[in-house]
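Novice: Residue numbers (my numbering), protein chains in the order written: chain Y, 55 to 240; chain E, 36 to 247.
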Amino acid sequence: MPPAPTLGLNMSYKESKNNSKDNDYKNNNLSILIPQKEESNNDENNNNNAKPLAKLLVVDDDSDIVQVLKLGLLKNRFLVNAFTNPEEALQSFKSNAESYCLMLSDIRMPTLSGIQLARKVKEVNPGVKVVLMTSFEIRDNEFSKVFPSTHVDGFVQKPIGIKDLTNKILSIIGETKRRVDKDFAS
Amino acid sequence: MRANTSENNESIMKWFKEEVAEGENAIIIYPNLQTFRQIYTEYVKDQLAKTGEEDDDDNSTRNEQLKPRIILIATFYETIDSVKHNLNAVGVDVHKYIDNSSLVIVDAFSSYYPDVSGMKKLVASLSQRARKEGRIGVTAIVDMGFFFLFGGDGRATELINYEASLAPKTEGGNVRGFSCYHGGNYDTLKDNQKKELAQKGKKLLEVTESAS
Chain Y
55 MPPAPTLGLN MSYKESKNNS KDNDYKNNNL SILIPQKEES NNDENNNNNA KPLAKLLVVD
115 DDSDIVQVLK LGLLKNRFLV NAFTNPEEAL QSFKSNAESY CLMLSDIRMP TLSGIQLARK
175 VKEVNPGVKV VLMTSFEIRD NEFSKVFPST HVDGFVQKPI GIKDLTNKIL SIIGETKRRV
235 DKDFAS
Chain E
36 MRANTSENNE SIMKWFKEEV AEGENAIIIY PNLQTFRQIY TEYVKDQLAK TGEEDDDDNS
96 TRNEQLKPRI ILIATFYETI DSVKHNLNAV GVDVHKYIDN SSLVIVDAFS SYYPDVSGMK
156 KLVASLSQRA RKEGRIGVTA IVDMGFFFLF GGDGRATELI NYEASLAPKT EGGNVRGFSC
216 YHGGNYDTLK DNQKKELAQK GKKLLEVTES AS
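1) Are the CB atoms of Gly169 (chain E) and Leu101 (chain E) within a distance shorter than 7 angstroms?
2) Flag this pair as yes or no: are the beta carbons of Val79 (chain E) and Val129 (chain E) separated by less than 7 angstroms?
3) Just the Cα atoms here: how many angstroms apart are Gly215 (chain Y) and Val120 (chain Y)?
4) For the segment 158-186 of chain E, which residues have a beta carbon sitting closer than 8 angstroms to at least one beta carbon of chain Y?
5) Sort out for me which residues DSSP pairs Ala61 (chain E) with in a bridge.
6) What is the C-beta distance between Leu111 (chain Y) and Phe147 (chain Y), in whole angstroms, given that I count them as a contact (C-beta under 8 angstroms)?
7) So with CB distances below 9 angstroms, who are the chain E contacts of Ser153 (chain Y)?
8) Considering only the beta carbon of each residue, do Met157 (chain Y) and Val134 (chain Y) sit closer than 7 angstroms?
9) Along the chain, which unbroken stretches of the alpha helix (DSSP H) at least 4 residues long are found entirely within the segment 144-221 of chain Y?
10) What's the C-alpha gap between Lys176 (chain Y) and Ile63 (chain E)?
11) Just checking: is the beta-carbon of Tyr112 (chain E) within a distance shorter than 7 angstroms of some beta-carbon in chain Y?
12) Could you name the residues of the same chain whose beta carbon sits closer than 7 angstroms to that of Pro203 (chain E), not counting the 5 residues immediately before and after it, in chain order?
13) How would you write the range of the alpha helix (DSSP H) that Asn227 (chain E) sits in, first residue to last?
14) What does a CB cutoff of less than 7 angstroms around Arg173 (chain Y) pick up in its chain, not counting 5 residues either side in sequence?
15) Could you name the residues of the same chain whose beta carbon sits closer than 6 angstroms to that of Gly126 (chain Y), not counting the 5 residues immediately before and after it, in chain order?
16) Buried or exposed for Asn150 (chain Y), going by 16 or more other Cβ atoms inside 10 Å?
17) At the level of alpha carbons, what is the spacing between Leu83 (chain E) and Ser153 (chain Y)?
18) Under DSSP, the beta strand (DSSP E) around Ile106 (chain E) begins and ends at which residues?
19) Report, in whole angstroms, the separation of the C-beta atoms of Ser189 (chain Y) and Thr114 (chain E), which I expect to be a contact under 8 angstroms.
20) Rounding to the nearest angstrom, what Cα-Cα distance links Thr165 (chain Y) and Pro140 (chain Y) in this structure?
21) Ala175 (chain E) and Gly212 (chain E) - do their beta-carbons sit closer together than 7 angstroms?
22) Under the rule that 16 or more other beta-carbon atoms within 10 Å means buried, what is Gln145 (chain Y), buried or exposed?
23) Please list, in chain order, all residues of the same chain as Arg166 (chain E) whose beta carbon is under 7 angstroms from its beta carbon, the five residues on each side excluded.
24) My output table needs one value for Arg131 (chain Y): the three-state DSSP class, helix, strand or coil.
25) Starting from Arg170 (chain E), follow its DSSP beta bridges and name the residues at the other end.
26) What residue from Y:Cys155, Y:Asp115 and Y:Val206 has the CA that sits closest to Phe137 (chain Y)'s CA?
27) Mind checking if Ile169 (chain Y) is an interface residue toward chain E, Cβ cutoff 7 angstroms exclusive?
28) The segment 143-155 of chain E: which residues have C-beta closer than 8 angstroms to a C-beta of chain Y, in chain order?
29) Could you tell me which residues DSSP pairs with Ala175 (chain E) in its beta bridges?
30) Sorted by chain position, which residues of the same chain lie with C-beta nearer than 8 angstroms to Met48 (chain E)'s C-beta, five sequence neighbours on each side aside?
31) Look up Lys204 (chain E) in the DSSP assignment and say whether it is helix, strand or coil.
32) When we look at the beta-carbon of Gln219 (chain E) and count the other beta-carbons within 10 Å, is it buried (16 or more) or exposed?
Take a look at the structure:
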């Protein structure tokens, strides 16, 4: 079994292995479950071998929400780059802007709000779709202040099920998706 | 004043509770939401248990008959339900205090948008009600995140104008106002903008994150 990448578990694994060799603890059974592979928080991951539907940038300052969204969207065949820090998300986006189909971002985040982030990613890649999420009530007139200077393709009220979110994203990226499929095929 | 979260929790609360007097507006800069939660939950728990005789030493005779103050929390990065949950978690009977009108929790967005003066109107109405009901006064803990939502220099101008419209001290006032800034937002301001926020000697507490 390969050692786990996490330091603590790695040390436990080594100690266990060494103890069993050197000291021959025949009567003591120690079982340690070590993950074979640790998921990186901000890395792209593809859950299966099926062709990915699209590449998404997911941003929310709540790490629990980011994790749930990332796992759920990966299972639904999206490539996901997820961040809790909007400035890091923007840097990552800038480094490979053309690869993204859609950004899914929380609205109320300190330092850089979802609205500001939307404006910046659209400046870099006007073709990217933007969906903003919020736990707060969305009023029809709430974002009239930023329109039409910031074009937002959709809003999502949290909490939302992954199935509904996936359908929402698919409906928004409909045309973009075909382009991405083509890119991945080539 | 600068305070560090690791070593100075007591001094943070002392400043929050004692350094800012009735009728004063002050500024708090918090490093993260976790610290902000600790500050407001501890303060609310303490203040809602207080009646008039425990307040202002130099005014104890007048305050003897006064009821607990009204506390307004205008949240921006947390939902109203999250704030209620946080207060419940430290033992505050949220429903009781909301029912007896001692605790008011609102979404700051709704009080600033579309009319930015909405918050001031809300605080003024609470101030009037506090006088009418014979309460110590009002504490307004207001997250200023709204002013950073849309971004751009123009918003900073609006923020500075708004903060300037809150006098550092109002004689005879019964409101203790705390404009609360997330450090990440505050740091996006230029130095001259930061100075303008704290103009005319407005008290300012900058809470920094512990190194550990």
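Heads up, the beta-carbon is just placed ideally off N, CA and C, and yes, glycines get one too.
Specialist: Reading off the structure:
1) yes
2) no
3) 13 angstroms
4) Gly180, Phe183, Leu184, Phe185 and Gly186
5) Paired residues: E:Phe213 and E:Lys238.
6) 6 angstroms
7) Under the 9 angstroms cutoff, chain E gives no residues; its nearest Cβ is about 25 angstroms from Ser153 (chain Y).
8) no
9) Counting whole runs of 4 or more residues, the segment 144-221 of chain Y contains the alpha helix (DSSP H) stretches 168-178.
10) 34 angstroms
11) yes
12) Glu59, Asn60, Lys235, Gly236 and Lys237
13) Asp226 to Leu232
14) Thr204
15) Cβ contact annotation for Gly126 (chain Y) (same chain, cutoff 6 angstroms, sequence separation greater than five): Ile216, in chain order.
16) It is exposed - the Cβ of Asn150 (chain Y) has fewer than 16 other Cβ atoms within 10 Å.
17) 53 angstroms
18) Ile105 to Thr110
19) 5 angstroms
20) 8 angstroms
21) yes
22) Flag for Gln145 (chain Y) reads exposed.
23) Asn209
24) Reduced to three states, the DSSP call for Arg131 (chain Y) is coil.
25) Bridge partners of Arg170 (chain E): E:Lys102.
26) Y:Asp115
27) Nearest CB-CB separation between Ile169 (chain Y) and chain E: below the 7 angstroms threshold.
28) Per Cβ criterion, the list reads Phe144, Tyr148 and Pro149.
29) E:Leu107 and E:Gly212
30) Ile74, Glu77, Tyr78 and Asp81
31) strand
32) Gln is not the amino acid found at residue 219 (chain E); the sequence shown has Gly there. With 16 or more Cβ atoms within 10 Å of its Cβ, Gly219 (chain E) is classed as buried.
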